[in-house]
Each structure stands twice: as C-alpha cells, then as structure tokens.
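Each remark here refers to the structure printed beneath this line.
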Amino acid sequence: MRVLDIGAGSGILSLWALEAGAAHVDAIDNSTIGTTLSATFCANGFADRSTVHVAYSKQIEPASKADLVISETLGHIGIDEGILDTCADARQRLMTDEATFIPSAFDVVAWPVWVPDFEKKLNDFWLAKPYGFDFPELQQLTRRMTYLTETSYGQRISASGVLARHTIGEAPAETWHGKTTCAAEFPSLCNGFFLSFIADLGQGIVCDGERTTSWKVLFLPAPQVFDVKRHDSVGLEFTIPRTGNVRYSIQNAGAETMDVEISA
C-alpha cells in the first residue's frame, strides 16, 4: 500500500503508517517543520520507504498514485485548514480509483454557550474607560470577532447540533454554509456558540475535536446577551464565502435574529 500524508507536520501519522507496513509514504508539508521530515524518517529506519515533499499538495506529482490518503488538516472546526479543497484535488490527481481517505468524512458541530469571562474581560474592560478614555465602538467590535478558546471556558446550554456534513474528496461549494437549531436543556444566559468537529476515522472510530486536548473550539459571540428558557430553540446560521465577509446569525426562540458580519 502506498500512503500519502497531506500536512504531515511532525510525521507521526506517516511513521504509524510505515510501522503498520505501508510500502511507501509520500509526506507533504510546506512549513518549516516539513524540512525536518527526512531526518525523522532516517532516524527511525524508514529512509528507503519515504519521500518528503516540502511543498503544497497541489504542487506535487508523486512517482505513483496513493492507495490511502491521510490528512490532519482539519483546523479547529474541520474546514479552516482547507481540507476540502486539498483532498478534492488529491482525489482527482494523486490517488488510485479505489483509494480511500482517513478521515473519510466529518461534521462541523455547534452548540449555544454562556461564556461569562467574555463579558467580564472584554466588555467590562471597555466600559470601565481604560486609562480614563472612552472607546465607544470597541465594545461592539469585540462582538464582531471570532475567538479560539477552550471548551471549559463556556457553559454548554444544549447538545451539539450539526451545522454541515462533509465527505472528504468531494469538491466543496463556492460558499460554505451551515445551519443548525439546538434545544436549551436548562434556563441560562447565552452569549454565543462554540464550534468544533467530529471526524470519521473508519471502523467505528471517531475523533471528536471538542473532547481532545489537541484542538480548541471557535467562539462566535452574539451581538448581545440574551435569556433562554428550558426547551427554547437557539439557532445558528453561518456563511463563509471564498471572498468577501463572513456572516453568521443567531436566533433565539422566535425573537429577532441577531446578525453579525466579520470583515475578511
């Protein structure tokens, strides 16, 4: 079996593939860490079964097509490191007809949260007139930005909802769009959504980005704090165009939709 590792990083996935018996691994990484891969494979006795490409996968033409493509380019929410474009190209050019992907698919998931530290550390700071000056627009600007944070920093209000499902290797749409509605499990204040991913690694094995220490969650703040009651529906709609501004909307139990636009 010939394996292609896209975004190889330290090379750990390539090493596991070689240890498991892969005939050859093409490891691709266009970062500084990619320049260390040849030494890593040599140090572990795999120099003769590996080829390193310090490049983007779209720039390479390996000697033979791959039977398996592995890629941990999921970012923090599945879509933010370009895995959809990258693997669609790999499907067209770099793989045999029978080849498979690991992961083979993933869900982008979201759930409403209450993040009190966001209100305290960001909004209270600007309201307190730092250094004795007024910054009237900056309080609202903090609510039109996205933040990577830890799951533990926010109180989950409901179970996760699936924003979008993706099969690896399929060509992505020009505009990414996700939508979900969650049911609050208890009364709470709410000030946004956390986003993560769940990836299908095959044979019943999944990688849940929320439940690991390797990934953070993405926080989308609501334009204002709002109350939710038990069983209230809280919705999120999220749009990411290839060019232009990112937009998302939060809807609470039939109340007015709160829209946010983030400059690209």
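Just so you know, we're using this note's numbering here: the sequence shown kicks off at 3 and counts up by one.
Yeah, the Cβ is synthetic: ideal placement off N, Cα and C, and Gly gets one too.
Note that the structure is a prediction, hence the values are computed from the model and not measured.
Residue environment, Tyr133, which counts as buried when at least 16 other CB atoms sit within 10 Å: By the 16-neighbour rule on beta-carbons within 10 angstroms, Tyr133 is exposed.
Write down every uninterrupted run of the beta strand (DSSP E) in the segment 4–61 whose length is 3 residues or greater and which is fully enclosed by it, in chain order. Taking only runs of at least 3 residues, the beta strand (DSSP E) segments lying wholly in the segment 4–61 are 4–8, 26–30 and 52–55.
Alpha carbon to alpha carbon, what distance is there between Ser73 and Trp113? The straight-line gap from Cα to Cα measures roughly 26 Å.
Nearest to Pro243 by alpha carbon, out of Phe221, Trp178 and Val236? It is Trp178 whose Cα lies nearest to the Cα of Pro243.
Proximal residues to His233 (C-beta, below 7 Å), its chain only, five neighbours per side dropped: The residues are Ala185 and Ala186.
How would you label Ser160, buried or exposed, when you count the other beta carbons within 10 angstroms and need 16 or more for buried? So Ser160 ends up on the buried side.
Pair every Cβ in the segment 79–86 with every Cβ in the segment 192–205, then say whether three or more of these pairs are closer than 8 Å. Counting Cβ pairs under 8 Å, three or more are found: they touch.
Pull up the DSSP beta-bridge partners for Pro118, would you. DSSP links Pro118 through a beta bridge to no other residue.
How many Å lie between Ile104 and Val227 at the Cα? Roughly 40 Å between the two C-alpha positions.
Consult DSSP for Leu124 and reduce its assignment to one of helix, strand or coil. Leu124 sits in a helix when the DSSP states are folded into three classes.
With DSSP as the reference, please indicate the residues paired to Met260 in a beta bridge. DSSP output for Met260 lists Ile252 as bridge partner(s).
Per DSSP, what kind of secondary structure is Leu129 in: helix, strand or coil? In the three-state DSSP reduction, Leu129 falls in the helix class (H, G or I).
Which listed residue (Tyr250, Phe188 and Thr214) has its alpha carbon closest to that of Val230: Ranked by how close their Cα comes to the Cα of Val230, the residues Tyr250, Phe188 and Thr214 have Phe188 in first place.
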